[in-house]
Every structure is written in C-alpha cells, then in structure tokens.
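Chains as they are written, first to last, in my numbering: chain A, 1 to 223; chain B, 1 to 416.
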C-alpha cells in the first residue's frame, strides 16, 4: 500500500502556489513537509483532504485518484487542519458523537485510539474550556474515525507543551506501526525527528530535503 | 444518512444547551410584546367611542348660519366618533394643523353667504388635510368636512331660499318666525341623524375582531423576533467545520437540513411556551377572543397545530438570512430590520387596509403577509388552499435557497 502525488497544481488568481507537486511514499511512513509561512503547505494538505480543489494533478491510492473518488477518500483519509473544527459549546463526547456511533465511540475510548490519545480524561469538558493540547488531541480523535490509512496533519504540535507532544507522538508511532501513512506540515524540529523523510516546499515546488538537525541550514534553504 | 442524523443530533444538543438562556429571552420578548399588544388594544378601545377629532373652522362665525351649523355638529355627542369644531382665525388654524393639534381645517370664505344668496358658485369651502393621509383619521376627516359643508351651505341655501320666496310673495313679516322654525327643524333632523343608519361592525380586518386580529399579529411578530434568538445557533464564525464536513461527505443539503431542523425545533419549543402563556391568559379571563367565545382553550390548542407550517416557513426565512449575512452584528441587524419592516408591511402594527393599495398588496405577498393571512384563517377556522399553499411554497423556496447559498459558499471555499 502506498500513496503517490503527481503534478498537483494550484493558483490563487495569478499567483501560482503549487506547481507540479509530486511525492511517493509507502505504508508505515511519516513524511514531513517543510516550508516558510504562506508557501502552500496547508493548501497542499487541504487539497489532499478534499477541502480545496486542485487545478490539476492526481492523488493515487490503491490505483484510484482520491481527488476524484470522494467516497474512497472519506474512508481512507483523516485530516487535522490548523483551524478549529470543533464545536465550542459542546463537550468532547458531543463532538466525537458527530463522527462516531455510540458503540464505536465507547470501544475506542476503552482500549482504542481515543484512549491512547487520552481523550477519556476530558470527555465531559466543553471545548471552550479546553487547553490547546486537549483541542488538538480531540481534533485528531475526530479525524481518525474509521481508522483511515492516511492521516494528514497540518502543524500538529504547534503551541503544544512537551507532555502533550509526547502523547501525540506516541500515538503517531503506533499509527505508523499499524501501517498508516502520515503526511504532516511542520516548523517543529521534534516533529521532523518523527518523520522518515522530509520535503521542502518552495516556490510551489516540492523537493526532497535531508534533515540533519542543522536548523541554520534549513533556515537558509527556506529563504 | 447515519452521519446526517449525527449532525442533526449535534445541532439539537447545541440548541438544548442554549435553551435556558432562550427561555429568558423569550420571556422578555413576550413581556415587551404583551405591553405593545395591550397598548394597541387600548388604542383600539379608544377608536371605539372615545376618540375626538378637532377640526379648525375658519370663517366669520358671528354669522348666524355658520355659527348655527357649528353648534349643531358640536352637539352630536351620540356620534360614534366625536367631533369638535373649533372656530378660529386662519393663521391660528394653520399653525395648529401643522403642529398636529388639529385633524383638519375647514375654511369658509367671507363671501360665501352672499355667493349662495345670489346663486353664484364662485366661493368654495376649502378643506385641508395632510398629504397622503389615508388612515382612518384622514377618511373620517374627509367625511366630516362633507358633513360640515352640507350643514353650512345647503341649510343656508334652504333658509335663504325660503326668505326670498316669502319676500317675493309680500310675506316678509313671517320670515323671522319661519326662519326659527326651519332652524329648529334642521336641528331636530341633525340631532336624530344617528337614527338614520345602522352600524354593522365588520371587524378590524378580514372579519376578525380587534383582539382576534392582534392575537394573530402577536404570533407573527413573535415568530419573526425568534429569528434574533437563533443567533447563538446560526451565526457563522468559521467555515472550517462546514468545509471539513463536505470533504467527509456531508454536503450543503445535509448541513442545512441538520442546522435548520434544530433551529425549527428551537422555534417550536419557544412558540409552545408562548402558547402556554397565552392559554393561561385566556383561561384566566384576562382577555376574550370574540371568535372563540365559550369554547375555552380548545381553539388555541388547535391553532397551535395549525400554525406549525407558518413556524417552519418563517424559521426557514430566518435561516436563509443567517446563511446570506455573515458576522454576529450584521446577522442581528439584518434579522431585526427584516422582522420590523415585514411586520409593518404585513399589518402587524396596524391593519393593512390602512395602507395605500400598493403597500397593501406588497405586504400580503411578503412571507409575513402570507403568515398573517394563514394565522387569521386559523383563528377563524377558515383555512383554504389559497392561504395554505403560499406558506408551503415559501418554505420550499427558502430551504432551496439556503441549500444553494451554502453550496455556493462551500464551492467558493474549495476554489479559494
């Protein structure tokens, strides 16, 4: 099982954000997409999640183009955007109930994915009263309904404390071990350590980047 | 379908959480509308016998005939609408009219009597009323000016005619006595004029009594204002969730259905509470609906079921407005302005037959106007296809437009 992005393009008016973006990765892998602010990282993930429309290109999985097959994409892809997709006035349980059936939710909370994310601890807390870490874990919990094989994460650890990051990383490791494919955009060095490969998105083009822990070199490349 | 049900469940959950606050808002709205209704009904009482129209009379009231005409009209206390004719100078009358202290001015020119005596028609009585005054007051004013005109001019013509004939036949000595007799005869006829007609009350509008009419108007206005209460549920803050939902298979139709369903349920619950309050008022005998005399609260229960389509239709209209306007402030202003203006045109504050014809037709075509007619039919127990069909057509139209608006917005977001 693998995924392949080929020739993905996107323009905002005359401004070309993505030009011929291509990438291939196999099961149990984590790919980091690096780039400066506004370079198109979030746009790329939202296109792959079906939230935005690409001007061209394909996103192949099991021989099918997920950009065209929405039913397969819904089953195969989980997406955690940067923005809030949670309903503020409701509790974690209520938010999860929108995506999970009652029985499935109980199962996931008892020994499943949601327990691993530690969501049981704040099940009755309204989103309004949650910390950033709780919200992020809940967003991931909502995204992984139905155990999708591809998980798209838009800066998953932004503004999270170390303990919270540890918890999320633990889950990501587990997800990889189960054969899942993680595609994440990030600025965070700890996130990069989790990645099996990194790609640099610059001027609309995605190119492989060998991350060696040298942040100054990365900064120079991003300029 | 399962996910659609979950989305509706989630929206219901949101609605139930804001329900306590909503009940407080509904109670406040109910109280304010109750006071307004009481004031309106009080002014309707005024219109039934207590209102006084002041009309300024400009002319030489020392003239026995003009003075006589004025005193005759002033003596008609049995009139349904009492009239006060006030003799005054032209300048005083005009300034009083401009300040709104007078309903109208009648100007009798100085040479009128001579003109009548010599059979000329070159001096005319001038009646002044405000431009475009087409309400009850204006119509009454016009009628009263006609009465005054007849009283003053025709009676004078008759008396002068009689005097001329008597003199022509050398019976001038009898003129004085005959003039008094004619005056007394005229006085007698005028004072008894209330016996010359019967007054049949057709109600305020559409055959409804004043209280029946304003009960219907109260329901419509209350439903319109419920749109403002829906803001915590329907104001759009971020497009992230709707866009994510679309990517996961819940498109515009599913989203609108889930959100509208919860909003309509919320309005139904609030409306049911208002109905219960009105039921208590009716059972307590604080007000009586003429149309339901001796029937207890049963017609009210029936009316609640009958009004459900109107509740759904107006909820759909309010939902569409939230769909079209973004932001808390913009949405609330839009809801408020639409509620007030539509209520006004539909005849919620004043019966629509007080308005010029164009406004009346427009008011009836508007959603609030169709709701008014439907509810009036419900109160009278006379619902017909003509009143029911527009409500359902509007319901489908508003829901269709809401789905279209949501779809366009989501599509715009996808291309962004």
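The C-beta atom is built at its ideal place from N, Cα and C for all residues, glycine as well.
Within chain A, the residues that residue i reaches when beta carbons sit closer than 8 Å
{"i": "residue 9 (chain B)", "result": "97, 98"}
{"i": "residue 414 (chain B)", "result": "51, 52, 53"}
Residue-level contact to chain B via CB, residue i, 8 Å cutoff
{"i": "residue 129 (chain A)", "result": "no"}
{"i": "residue 70 (chain A)", "result": "yes"}
{"i": "residue 84 (chain A)", "result": "yes"}
{"i": "residue 191 (chain A)", "result": "no"}
{"i": "residue 161 (chain A)", "result": "no"}
{"i": "residue 18 (chain A)", "result": "no"}
Integer Cβ distance of residue i from residue j, believed to fall under 8 Å
{"i": "residue 243 (chain B)", "j": "residue 51 (chain A)", "result": "5 Å"}
{"i": "residue 308 (chain B)", "j": "residue 282 (chain B)", "result": "The Cβ separation is near 20 Å, so there is no contact."}
{"i": "residue 76 (chain A)", "j": "residue 148 (chain A)", "result": "5 Å"}
{"i": "residue 251 (chain B)", "j": "residue 8 (chain B)", "result": "In fact, because the Cβ distance is near 14 Å, the residues do not count as touching under 8 Å."}
{"i": "residue 267 (chain B)", "j": "residue 223 (chain B)", "result": "7 Å"}
{"i": "residue 264 (chain B)", "j": "residue 324 (chain B)", "result": "Not a contact, Cβ separation roughly 18 Å."}
{"i": "residue 93 (chain A)", "j": "residue 123 (chain A)", "result": "5 Å"}
{"i": "residue 289 (chain B)", "j": "residue 211 (chain B)", "result": "6 Å"}
{"i": "residue 95 (chain A)", "j": "residue 142 (chain A)", "result": "6 Å"}
{"i": "residue 4 (chain A)", "j": "residue 60 (chain A)", "result": "4 Å"}
{"i": "residue 255 (chain B)", "j": "residue 406 (chain B)", "result": "6 Å"}
{"i": "residue 56 (chain B)", "j": "residue 93 (chain B)", "result": "3 Å"}
{"i": "residue 240 (chain B)", "j": "residue 81 (chain A)", "result": "6 Å"}
Residue i to residue j span [Cα, whole Å]
{"i": "residue 185 (chain A)", "j": "residue 412 (chain B)", "result": "24 Å"}
{"i": "residue 37 (chain A)", "j": "residue 17 (chain B)", "result": "39 Å"}
{"i": "residue 342 (chain B)", "j": "residue 352 (chain B)", "result": "12 Å"}
{"i": "residue 10 (chain A)", "j": "residue 47 (chain A)", "result": "9 Å"}
{"i": "residue 136 (chain A)", "j": "residue 211 (chain A)", "result": "26 Å"}
{"i": "residue 157 (chain B)", "j": "residue 99 (chain B)", "result": "35 Å"}
{"i": "residue 11 (chain B)", "j": "residue 207 (chain A)", "result": "44 Å"}
{"i": "residue 218 (chain B)", "j": "residue 227 (chain B)", "result": "15 Å"}
{"i": "residue 7 (chain A)", "j": "residue 153 (chain A)", "result": "21 Å"}
{"i": "residue 13 (chain A)", "j": "residue 42 (chain A)", "result": "17 Å"}
{"i": "residue 175 (chain B)", "j": "residue 186 (chain B)", "result": "16 Å"}
{"i": "residue 29 (chain B)", "j": "residue 22 (chain B)", "result": "10 Å"}
{"i": "residue 408 (chain B)", "j": "residue 321 (chain B)", "result": "15 Å"}
{"i": "residue 414 (chain B)", "j": "residue 334 (chain B)", "result": "27 Å"}
{"i": "residue 128 (chain A)", "j": "residue 86 (chain A)", "result": "9 Å"}
{"i": "residue 197 (chain A)", "j": "residue 23 (chain A)", "result": "11 Å"}
{"i": "residue 62 (chain A)", "j": "residue 370 (chain B)", "result": "56 Å"}
The alpha helix (DSSP H) enclosing residue i, as first and last residue numbers
{"i": "residue 295 (chain B)", "result": "Per DSSP, residue 295 (chain B) belongs to no alpha helix (DSSP H) and is neither H nor E."}
{"i": "residue 283 (chain B)", "result": "252-283"}
{"i": "residue 390 (chain B)", "result": "385-415"}
{"i": "residue 114 (chain A)", "result": "113-116"}
{"i": "residue 90 (chain B)", "result": "90-98"}
{"i": "residue 331 (chain B)", "result": "328-345"}
{"i": "residue 100 (chain A)", "result": "Taken as a continuous stretch (DSSP letters only), residue 100 (chain A) belongs to no alpha helix (DSSP H), as it is neither H nor E."}
{"i": "residue 166 (chain B)", "result": "155-168"}
{"i": "residue 368 (chain B)", "result": "367-380"}
{"i": "residue 71 (chain A)", "result": "70-76"}
{"i": "residue 247 (chain B)", "result": "240-247"}
Below-8 Å beta-carbon distance, residue i vs any chain A residue
{"i": "residue 25 (chain B)", "result": "no"}
{"i": "residue 238 (chain B)", "result": "yes"}
{"i": "residue 352 (chain B)", "result": "no"}
{"i": "residue 406 (chain B)", "result": "no"}
{"i": "residue 409 (chain B)", "result": "no"}
Under 7 Å from the C-beta of residue i: neighbouring residues of chain B
{"i": "residue 49 (chain A)", "result": "247"}
{"i": "residue 224 (chain A)", "result": "Here chain A has residues from 1 to 223 only, and residue 224 (chain A) is not among them."}
Amino acids of chain B, ordered along the chain, whose beta-carbon sits closer than 9 Å to that of residue i
{"i": "residue 81 (chain A)", "result": "240, 243, 244"}
{"i": "residue 136 (chain A)", "result": "What residue 136 (chain A) touches in chain B: nothing, since even the nearest Cβ is about 14 Å away."}
8 Å Cβ cutoff, residue i in contact with chain D
{"i": "residue 6 (chain B)", "result": "Here the protein chains are A and B, and chain D is not one of them."}
Proximal chain B residues relative to residue i, where beta-carbon distance stays under 8 Å
{"i": "residue 74 (chain A)", "result": "247, 248, 249"}
{"i": "residue 188 (chain A)", "result": "What residue 188 (chain A) touches in chain B: nothing, since even the nearest Cβ is about 21 Å away."}
{"i": "residue 94 (chain A)", "result": "10, 13"}
Residue i, enclosing beta strand (DSSP E) - first and last residue
{"i": "residue 39 (chain A)", "result": "Run containing residue 39 (chain A): none; DSSP gives neither H nor E here."}
{"i": "residue 2 (chain A)", "result": "2-12"}
{"i": "residue 54 (chain A)", "result": "Residue 54 (chain A) -> no beta strand (DSSP E), and no H or E assigned at all."}
{"i": "residue 214 (chain B)", "result": "Residue 214 (chain B) -> not in any beta strand (DSSP E); alpha helix (DSSP H) instead, spanning 210-229."}
{"i": "residue 199 (chain A)", "result": "197-202"}
{"i": "residue 256 (chain A)", "result": "Look at the range of chain A in this structure, 1 to 223, and you will see that residue 256 (chain A) is not part of it."}
{"i": "residue 32 (chain A)", "result": "30-34"}
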